[in-house]
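In the working numbering, the protein residues as written are 1174 to 1334.
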């Protein structure tokens, strides 16, 4: 079976996850939609697949304006998070809440790296903004993560991944 439909669907999901927050109303914290796509893939596939999807999502975040500083740091962060989620995928079948908890930890790790970069003088990331962003990501994860994981399972069933 061809893997092209699965790859194209993931690329479209990542593009949407990168571009959709730019349409988010100003003044509201923006959720990290890329981490949800990376988590859905990482929690259901091998670590290498989660890492590659994380790397692609991070590159898109680095390159699409306003971008990120330093260039490539976001890509490496998301790649590492995707790898770790893939390594922990077997643990998440124990409870239906564990994928959500793993996604929360992954989102917190990404925001922690953003805060450290800000502390080093690369960009501005206030702790209150990061906290609100994490809360918004977790709020959006409640309906979206099961949908994305269901989509990944469907791709697996059809042999498209």
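Glycine residues also receive a C-beta, built at the ideal position from the N, C-alpha and C atoms.
- Taking residue 1272 as the centre and dropping the five residues before and after it, the same chain places the C-beta of 1216, 1265 closer than 6 Å to its C-beta, in chain order.
- Here the region 1272-1292 makes contact with the region 1302-1317; the two share three or more CB pairs at distances below 8 Å.
- The beta carbon of residue 1325 is closer than 7 Å to those of 1213, 1214, 1217 in its chain, skipping five residues each way along the sequence.
- DSSP, read as helix, strand or coil, puts residue 1330 in helix.
- Of the residues 1236, 1185, 1230, the one whose Cα lies closest to the Cα of residue 1205 is 1230.
- According to the DSSP assignment, residue 1235 belongs to the alpha helix (DSSP H) that extends over 1220-1236.
- A straight line joining the alpha-carbon of residue 1183 with that of residue 1226 spans about 8 Å.
- Nearest neighbour of residue 1250 by Cα position, chosen from 1260, 1262, 1232, turns out to be 1232.
- In the three-state DSSP reduction, residue 1301 falls in the helix class (H, G or I).
- In the three-state scheme derived from DSSP, where H, G and I count as helix and E and B as strand, residue 1291 is classed as helix.
- Membership of residue 1262 in any alpha helix (DSSP H) is not indicated, and neither H nor E is assigned to it by DSSP.
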